[in-house]
Amino acid sequence: MESIAPDAEPARLLIRSAQIVDGTSSPAFEGDVLVESGRIAAVSRGPLERDAAAAAPDLPARLRAAEEIDARGLLLTPGFVDVHTHYDGQATWDEMLAPSCWHGVTTIVMGNCGVGFAPVVPGREQTLIEQMEGVEDIPGTALAEGIEWRWETFPEYLDALGERRFMLDVGTQVPHAALRAYVMGERAGEAEPTDAELARMAAIVREGIRAGALGVSTSRILAHRTSRGAEVPGTFAGERELEALARVLGELGTGVFEVVPRGMDGEVSATSHAEIDWMGRVAKAIGRPLTFSLVQTHTEIDRFRLLLGRAQQLQAEGAPIFPQVANRSTGILIGLQSDEHTFSTRATYRKLAQLPLAERVARLRDPATKARILAEPIGPYGHPQSAMVHQGFENLFVLGDRFEMEPSDEDRVAVRAQREGRDPSELVYDLFLENEGRAFLMFPFTNYFRGSLDDVHAMLMHPASVWGLGDGGAHCGVACDAGGPTLMLTHWVRDRTRGPRIPLERAVAMLTSEPAALYGLGDRGRIATGLRADLNLIDHAKLEALMPEMIFDLPAKGRRLMQRARGYRRTIVAGETTIMDDAATGARPGRLLRGAR
Ligand SMILES: [Zn+2]
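For the sequence shown, the numbering used here assigns the number 54 to the initial residue and increments by one for each residue that follows.
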């Protein structure tokens, strides 16, 4: 495999006879694409030569000069645009931005959910690390060791990112929690800002957007806490404050307001209905897109339908408000490499917990040890929510040999244990030991209350929604949802048997032109002449999201769940091939994105 030097002159590529899905939802067609100087220079149905005379007299010569790729039988899509990630720290030390880079993603937007690393008062960096560690479960030690704090203001943070090279393009947002901590110091967690403080926050948003941030983000749910257990600054911010920040977007005529709304973690419905009306008013008043997280929660599992319907109504009334939905259940993966699992509080297990995995697995296989652990009571654990991790078998699913994102009732540990006439904890014990102790069981938190993804299908197909919520770079120890684009094309388009699938052209639009349009990135997200050559060449029949695995490559040996994919013949960013046959080429054409375009 040819390796491409990072700053090589962008190649002229001629992609022949691909099945082109152009990102607009229009029907796929077979044709050619010519890439020159990082852009799409020509697109044709059938061979480009046929259009040659009409298009440009020098076209035949240019075609001859191009590296030709025979794409017969392969899908060609625009590069995927993942607008909901948390690579804010990782982007300062890592160029690849995995897992997103393995899943056809060519543009990410980070700075979501109110958390990020700028602005920051020098000496108070730890506060922001605790916010990120608590909300997004990115190891604080990795952040502390990995980030070289070379900035104070948001524009300085952008300058630091601007010097870096990536596998994909990186957009940012101004995070409200960091903003509050910067302006209000110790009082950031509770107090209302004074008028002067509020004016200062708005000025910093203005300065950030002017420097190239794509939006501003905030979180209003109680479940988002710092690693010290405090609410994240901004959680209780009043409407006056949020509107002051949002108004900056209206005033500058650019930028997105990203909100994790109150009620999203399952509070009473009155709250979330009032919340969506408020968000609609804000979006309408500023005339800028507002996107908010929407998941199915345990309290009222059909409430998401009402909220989608209300969002559609608000859109019709002129409010650009977009519920952002996931294409999967969100939850955690549990196994022997997890901090908390079915046996992690039991006395005998605790004595073994620190052993390296292979040794631990060997000890756990000993029948006497197994009998002892299974007989022991569950010990005390930290968070009340952890109860389900230690003794919930009804909602715990066996994943099997392949990564199955829609396990059936038969795959519930409780159901399987009953079928086999075994104690569920004993079944879990054996399952944990599979694959040399690397197996995972899945515990969905949201979007899976009916034991299928039918409700997620409804969310994705709703005309008001946009796909997102993959949280790339976050929840390192417990989840790995950034593989959403691959799962969209495998599970949703090709494999699903338990309910309706999603047409290929629709699915590709959800991954490309729709999120690009939301964030004002008009130069990408479609295959059309003149746009950036961000492309995926995919062997759709072979495409597969592989089993997640725990790896230990973060700074300070921090661990993270990683999920790779098979079937990406090429990912092309600005005309350069970054992925060839599922392996990185070494090319780093990605840059910091400054502003909508
Ligand atoms: Zn998030």
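Note that the Cβ used here is the ideal one computed from N, Cα and C, for glycine as well.
{"Asked": "Contacts around Gln390, its chain only, beta-carbon distance under 8 Å, and the 5 residues preceding and following it disregarded", "Found": "Leu410, Gly490, Arg491, Met603, Arg612"}
{"Asked": "Backbone secondary structure at Met332 - three-state DSSP", "Found": "helix"}
{"Asked": "Selected residue, minimal CA-CA separation from Arg551, among Arg503, Leu588, Ala532, Ile122", "Found": "Arg503"}
{"Asked": "Ligand 1 heavy atom lying under 7 Å from the CB of His137", "Found": "yes"}
{"Asked": "Cα-Cα separation between Gln184 and Arg475, rounded to whole angstroms", "Found": "42 Å"}
{"Asked": "Nonlocal neighbours in the same chain, by C-beta distance under 6 Å from Ala379, ignoring five residues either side", "Found": "Leu522"}
{"Asked": "Residues near Ala372 in its chain [Cβ-Cβ closer than 7 Å; skip 5 each side]", "Found": "Gly333, Ala336, Lys337"}
{"Asked": "Alpha carbon of Val269 to alpha carbon of Asp248, nearest angstrom", "Found": "20 Å"}
{"Asked": "Close Cβ partners of Leu660 (< 8 Å) along its chain, the five nearest in sequence each way excluded", "Found": "Missing from the structure shown is residue 660; the chain here goes from 54 to 650 and no further."}
{"Asked": "Supposed contact pair Thr271 and Leu295 - C-beta distance, whole angstroms, cut 8 Å", "Found": "6 Å"}
{"Asked": "Own chain partners of Ala598 with C-beta closer than 7 Å, once the 5 adjacent residues on each side are dropped", "Found": "Phe456, Gly536, Thr539, Leu540, Thr543, Gln616, Ala618"}
{"Asked": "Same chain, Cβ closer than 7 Å to Glu55, neighbours up to 5 away in sequence not counted", "Found": "Caution applies to Glu55, whose pLDDT of 41 falls short of 50 and renders its modelled position unreliable; the model cannot decide the point."}
{"Asked": "Residue from Val481, Val301, Glu459 with nearest C-alpha to Arg469", "Found": "Val481"}
{"Asked": "Sequence-distant residues of the same chain with beta carbon closer than 8 Å to Gly91, five excluded per side", "Found": "Pro63, Arg585, Ala586, Ala627, Gly628, Glu629, Pro642"}
{"Asked": "Identity of the residue in Ser70, Leu646, Asn500, Met495 nearest Leu127 by Cα", "Found": "Ser70"}
{"Asked": "Distance between Ile73 and Ala364 (C-alpha atoms, nearest Å)", "Found": "32 Å"}
{"Asked": "Glu311 - containing beta strand (DSSP E), residue span", "Found": "309 to 313"}
{"Asked": "Buried versus exposed call for Gly76 [16 or more other C-beta atoms within 10 Å across all chains shown]", "Found": "buried"}
{"Asked": "Contact under 8 Å by Cβ, Asn500 with Thr383", "Found": "yes"}
{"Asked": "Nearest-angstrom Cα separation, counted from Glu148 out to Arg218", "Found": "6 Å"}
{"Asked": "Closer than 7 Å: Asp524 CB and nearest ligand 1 heavy atom", "Found": "yes"}
{"Asked": "Asn448 CB to nearest heavy atom of ligand 1 below 7 Å", "Found": "no"}
{"Asked": "Secondary structure of Asp462, DSSP reduced to three states", "Found": "helix"}
{"Asked": "Spatial distance of Ala594 from Arg65 (CA atoms)", "Found": "27 Å"}
{"Asked": "Inter-residue spacing [alpha-carbon to alpha-carbon] between Ala424 and Leu359", "Found": "49 Å"}
{"Asked": "C-beta contact flag for Phe375 and Ala517 at 8 Å", "Found": "yes"}
{"Asked": "Boundaries (first-last residue) of the alpha helix (DSSP H) holding Arg413", "Found": "410 to 418"}
{"Asked": "Ala230 beta carbon near ligand 1 (any heavy atom closer than 7 Å)", "Found": "no"}
{"Asked": "First through last residue of the beta strand (DSSP E) which encompasses Asn589", "Found": "588 to 591"}
{"Asked": "Val348, DSSP secondary structure in three states", "Found": "coil"}
{"Asked": "Check: Asn165 C-beta below 7 Å from any heavy atom of ligand 1", "Found": "yes"}
{"Asked": "Supposed close pair Ile161, Ile580 - CB separation, criterion 8 Å", "Found": "Their Cβ separation, rounded to whole angstroms, is 20 Å, which puts Ile161 and Ile580 out of contact at 8 Å."}
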